[in-house]
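If you use the numbering used here, the sequence shown corresponds to residues 1053 to 1211, in order. Notes for the one structure printed next.
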Amino acid sequence: MKEQSITHHTFTMERYYPAPPAKVFAAFSDPAKKQRWFGEARTHDLELFDLDFREGGKESARYRFKESSPFPGVLLSNDGVYQNIVPDSRIMMSSVMTLGGRCISTSLATFEFLEAADGGTDLLFTHHGAFLEGSGGPEMREMGWKTLFERLTEEIERP
């Protein structure tokens, strides 16, 4: 039997947003807002985005890569469960990502919303992941979250 390789990796990111924690938190808890910054992108078509934002609630997203992508026509899915939520303060969730129906990673992610001295928000993000073959590894995930947090900036700046 061929042995699978698993890469374990943890990383953190810190971002500052010039908005109060309640506004930044709302970009995670409001389904329409989260879909805009987390689900939609030029590289894929969003086929499903479902958000049940409560402890024990689930988040599901299905993306179909566009023909110009490295995985033309392939389905990427991300299914998560909210493990802990403290309004305007903390979110903990676990998730499984599949590519073409095959599991490529599992993750535990925490988001901490800390009020900055100027009334803005310091977001502390910690990601623990187990990456399987075909996942792109930790570097790909870190790059993805950097892009997502840039998109979060755009969402928070919306009127």
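Ideal placement from N, C-alpha and C gives every residue a C-beta, glycine not left out. All figures in this text were calculated on a predicted structure; none of them were measured in a lab.
If you draw a straight line from the Cα of Met1145 to the Cα of Phe1163, it is about 9 Å long. Between Leu1151 and Gly1186, the gap from beta carbon to beta carbon is short of 9 Å. Counting along the chain, Thr1158 sits inside the beta strand (DSSP E) bounded by residues 1154-1167. In the structure shown, the three-state DSSP call for Ile1137 is strand.
The residues Glu1066, Glu1164, in chain order, have a CB closer than 6 Å to that of Leu1176 in the same chain once the five nearest residues on each side in sequence are set aside.
Boundaries of the beta strand (DSSP E) around Glu1066: 1059-1069. Nearest in C-alpha terms to Ile1137, of all of Leu1204, Glu1207, Pro1072, Ala1078, is Ala1078.
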